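Chains as they are written, first to last, in my numbering: chain Z, 55 to 131; chain A, 39 to 678.
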Amino acid sequence: MRVSIQLHGILRDQLPPAAKGRTTLELPDAATVGDVLAKLGIERRVLVSVNGRAHVSSEQVLQEGDQLVIYTPVGGG
Amino acid sequence: MPYGYHGRILHVDLTRGALHIEQPEEKFYRKYMGGSAMALTYLLRGMPAGVDPLAPENMLALFLSVITGAPISGQSRVTVAAKSPLTGCIGDSQAGGFFPAELKFAGFDGIVVTGRAPRPVYLWLHDGHAELRDATHLWGRVTGEVQAMLRHELGDDKVQVLQVGPAGEKGVRFAALINMCSRANGRTGMGAVMGAKNLKAIAVRGTQKLEVADPAALHALARWGAKQLPQSDIAGLSKYGTSEVIGLNNADGGLPTRNYASGVFEHYEALDGPTLYETLLRGAAQGQQERLGRDTCYACAVRCKRVVEKREGPYPLDPTYGGPEYESLATLGSYCGVHDLAAVCKANENCNKYGLDTISCGATIAWAMECFENGLLTLEDTGGLELRFGNAEAVVRLTEMIGRREGFGDLLAEGSARAAQRLGRGSERFLITSKNQEAPAHMPQVKRTLAIIYAANPFGADHQSHEHDPAYAPYPERMAQIGLHDPQPPLSLNAEMVRYALVTQYAYSALDSLSVCQFVYGPAWHLYSMNQLTEMVRAVTGWDVSLYEIMKVGERRLNMLRAFNAREGIGREHDTLPERFFTRPLQGGPSDGYVLDREEWRRAMDTYYAMAGWDVQTGIPTRPTLEALGLGWVADLLGL
Ligand code: SF4
């Protein structure tokens, strides 16, 4: 299945600048949010929303066409 | 000779032109440590209740802390406190830069200003000496000019200048104090208080070496921090500045858009940290922004400050005035529906030039825009400005007009709450204020404990007074240091989340008392943990200090702020939220439909006061609570 990914803040640096934090991933069935983080090489503490539902857990199983937004929990500013 | 501080506090009576130095005992420093905890000991004792904030009787206190100026990241900050002309409550605001450390090197731990000078003056502090000098020639000038003139006149480019701009002179109720032309003690209108005193600026230069108790331990901590930085959770903040929070909050559905109608902005990417980094940071065109477009505070390895530059186009940008923070991008940007990044940077520049708080300024303009959109303001009222959401040019124009109190800007210079009162026409329903202060760009509908803190915070809605909800779960080891072990699901506002709000509020209050940067030290994603903060204070002061003691300083400060308000007759009935937070669900994105439940919030507030040891009906600290903090003298002042 394919899922689309949007990375924010420093996580964008995982991808080339021209990607502006956007990519799609091909994953085996029943892949989880945690698998996506591993595949992207993200080791930081992050927050993930799937299809607009914020703060999903890394065990969440994904479906074809899911849209993931991945960002860090920095609070102030 | 103490370590970390001088034991010297300067008192300035502007009415008489008299200066003297007080030398408090060590136990005063240990009990209050710095910031507004120290400032409040003077404001509570030295001022009666009911003073007009713009009258000579108001006191203005500027305090560093026992560790300001030590060679480690995140310690160069100054707190300013006075009665606020915006809220009528205690005013309190922090800023970083090089001024705070320089003030310490000049030989002072704090400054207490009373009275009003018969004509404009500035205070010149250098190597233990203090003098008042004529500032007639500086009056009416913008911050960039004044800084350059003072450096020239004092013959030293290293002089640091903290000043009020034209906005402070003209009593704009959300006027800021500005140092380095780019760092603001922004909130609560402290610039208007200093301007009303005819005190244009404080110029400092110092070469006194600061003695620290254990240089080796301090050096080890500083090295650990610098090494850790790239892997740390503030790596993004370091590279992209707080402007990265645009993307983060938008992803959470928490980026206030069009006067808090929505938590997502369709054009957020135009304002986001990476966009700023790649386009307008100084040197970006040559790929040199790492070197030229990032700035710092004294001895800070994080270098999160932005410097923008643009030579052509309708909005040329002068690097003298730095660059925007997240709050400025959001309030002057999405809050107003504006996505022209250069225009938002220009509006931010104007705020630094005239000396305005960007948060209140942007939010007040957003309120006026919603009034205009709904026909409560007309072109006649605005002097021909089409005040529609998204009108970037109008935002830029208004920052100047407010700074000069010119035309329609004169009404907005009163802040949105007073402007609504004057305007009438039902315009109060569009206010996003608590205690007359405009809410910052973090949304209580999305991060629910903000609903407690925005309401209860003694100096009005504030986003830097506790830890936000999403940080509870990801940082179990650090939260455990302050006794928090039980994160709750998102959107909870139960007793555990109230406890989280209060305990992290004590922690943040301690950070503000120690006048440290809340990006560098804190209970969650910060570079250093609360235990490491304790190690740092031990290394600098040589005191055998504990985290318990530091948290108690935070609790003490919060109770003193609350007591100041109590004396002004301000208590629980003033701890309110904008009505629309309860009545208007957010539209669109992950937070679509989010709205606060009034009954749940009221119960949470009951729990909050009870946990804090304050009277649940009045919200006022009780005598036993104050005495438990060694503040029996405050209970006496309140007649409890
Ligand atoms: S983290 Fe940023 S704001 Fe804080 S002290 Fe360092 S440079 Fe200044």
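Glycine residues also receive a C-beta, built at the ideal position from the N, C-alpha and C atoms. Here the structure is a predicted model, which means the values were calculated and not measured.
Taking a contact as a CB-CB distance under 8 Å, the pair Glu587(A) and Arg467(A) does not count as one, their CB atoms being some 46 Å apart.
The residue from Val116(A), Pro123(A), Ala139(A) and Gly145(A) with its alpha-carbon nearest to that of Ala133(A) is Val116(A). Residue environment analysis places Gly464(A) among the exposed positions, since fewer than 16 neighbouring C-beta atoms fall within 10 angstroms of its C-beta.
With respect to Leu436(A), Gly447(A) sits close: the two C-beta atoms are nearer than 8 Å.
Relative to the Cα of Cys555(A), the nearest Cα in the group Gln502(A), Glu350(A) and Glu444(A) belongs to Gln502(A).
Taking the Cβ of Gly134(A) as the reference point, at least one heavy atom of the ligand SF4 falls within a distance shorter than 7 Å. Around the C-beta of His504(A), 16 or more other C-beta atoms lie within 10 Å, and the residue is accordingly described as buried. Using a cutoff of 7 Å, the CB of Gly112(A) counts as near the ligand SF4, since one of the ligand's heavy atoms is closer than that. Shown here for Gly668(A): same chain residues with a beta carbon closer than 8 Å to its own, the five before and five after excluded, namely Lys69 and Arg594 in chain order.
Listed along the chain, the chain Z residues whose CB falls inside 9 Å of the CB of Glu140(A) amount to none; the nearest CB is some 25 Å away. The C-beta of Leu122(Z) has 16 or more other C-beta atoms within 10 Å across all chains shown, which makes the residue buried. Contact of Tyr586(A) with chain Z by beta-carbon distance below 8 Å is absent, the smallest such distance being about 24 Å. The nearest non-hydrogen atom of the ligand SF4 is less than 7 Å from the C-beta of Phe557(A).
Here Gln201(A) carries a strand assignment [DSSP, helix/strand/coil]. Between Thr660(A) and Leu678(A) the beta-carbon gap is near 7 Å, inside 8 Å, which marks them as a contact.
In the DSSP secondary-structure assignment, Pro659(A) is bridged to Trp652(A).
By the 16-neighbour rule on beta-carbons within 10 angstroms, Glu476(A) is buried. Neighbourhood of Trp563(A) in chain Z, by CB distance below 8 Å: Arg99, Thr126, Pro127, Val128 and Gly129, in chain order.
With respect to chain Z, the C-beta atom of Gly311(A) has a partner C-beta closer than 8 Å. Counting the other CB atoms within 10 Å of its CB gives Asp635(A) a total below 16, which places it among the exposed residues. At a C-beta separation below 8 Å, Arg107(Z) has these neighbours in chain A: Pro628. When distances are taken from the beta-carbon of Arg341(A) to the heavy atoms of the ligand SF4, the shortest one is below 7 Å.
Per the C-alpha coordinates, the member of Arg56(Z), Met55(Z) and His62(Z) positioned closest to Gly274(A) is His62(Z). Remark: the shortest separation between the CB of Cys374(A) and any heavy atom of the ligand SF4 does not fall under 7 Å.
Distance check between Val484(A) and each of Phe557(A), Phe619(A), Glu611(A) and Arg426(A) places Phe619(A) closest, using alpha-carbon atoms only. With distances taken between CA atoms, Val150(A) lies nearest to Leu237(A) out of Leu237(A), Glu665(A) and Gln326(A). Straight-line spacing of the CA atoms in Arg83(A) and Ala308(A) works out to 49 Å.
In the displayed model, Trp405(A) falls within a helix according to three-state DSSP. From the beta-carbon of Pro508(A), the residues of chain Z found nearer than 8 Å are Leu101, His109, Pro127 and Gly129. Buried is the label assigned to Glu408(A), since at least 16 other Cβ atoms lie within 10 Å of its Cβ.
Boundaries for Ser553(A): no beta strand (DSSP E) harbours it, and the DSSP string shows neither H nor E there. Inter-residue distance for Ile96(Z) and Leu116(Z) is about 18 Å (C-alpha atoms, whole angstroms).
Taking a Cβ-Cβ threshold of 7 Å, the residues of chain Z close to His501(A) are Gly130, in chain order. Note on Arg349(A): under 16 other CB atoms within 10 angstroms of its CB, so exposed under the neighbour-count rule.
Straight-line measurement puts the Cα of Asn287(A) at about 30 Å from the Cα of Ile110(A). The shortest CA-to-CA distance from Ala493(A) to any of Ala458(A), Asn569(A), Arg600(A) and Arg443(A) is the one to Arg600(A).
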